[in-house]
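Chemist: With the first letter of the sequence shown counted as 1, position 140 gets the number 187 in the working numbering; the numbers rise by one all the way through.
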Amino acid sequence: YTILNDWSSRNLQRDEMPMSLGPAKGKDFASSFGPYMVTPDEIESARKKDGKLHLQMTCHVNGEKISDGNTNDLYHSFETMIERASMNTKLMPGEYIGSGTVGTGCILELRPENTGGWLNKGDVVTLEIERLGILENKIV
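1. From the DSSP output, which residues share a beta bridge with residue 111?
2. Here's a check: name, in chain order, each residue in its chain whose Cβ is nearer than 6 Å to the Cβ of residue 162, leaving out the five neighbours to either side.
3. Is it buried or exposed, residue 176, if we count other Cβ atoms within 10 angstroms and call 16 or more buried?
4. Can the beta-carbon of residue 147 be found closer than 8 Å to that of residue 106?
5. What did DSSP end up calling residue 92 once you bin it into helix, strand or coil?
6. In angstroms, rounded to a whole number, what distance separates the CA positions of residue 137 and residue 130?
7. From what residue to what residue does the alpha helix (DSSP H) around residue 129 run?
8. Look at the Cβ atom of residue 83, then the Cβ atom of residue 180, and state whether they are nearer than 8 Å.
Quick look at the structure:
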């Protein structure tokens, strides 16, 4: 397990989506992950009776909290996501699978006017997930 920031260029996506292309060029330019990998046995104690991992998550932009959530809000379990991703293909060591955006983890969904606007050059995005660490990136 690790933290993944799957960056999106929403202005490009806005142009792509009406053409039924999906988020092609709006998502093909960057992903950040880290700060380290955590094995399942290291966080198993965060699994509750419902079978889900319960890890608190937050997102800050320039030190201001804009989002928080919990892994227990994910629609599918990590096990189900891996099962689906490996259907009719062979997953190889080193491949990573993203769980998708946390329900409150997208500026577009939260509305830019509620979060301080779109990201700009120089902004610092900090993602923190309990027991997985802090991933901090500066927009350049």
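Even glycine gets a Cβ: it sits at the ideal position worked out from N, Cα and C.
All values reported here derive from a predicted model rather than from experimental measurement.
Modeler: Result, derived from the coordinates:
1. 108
2. 113 and 154
3. buried
4. no
5. Shown here, residue 92 sits in a helix according to DSSP, grouped into three states.
6. Distance between residue 137 and residue 130, taken at the CA atoms: about 11 Å.
7. 125–132
8. Residue 83 places its beta carbon less than 8 Å from that of residue 180.
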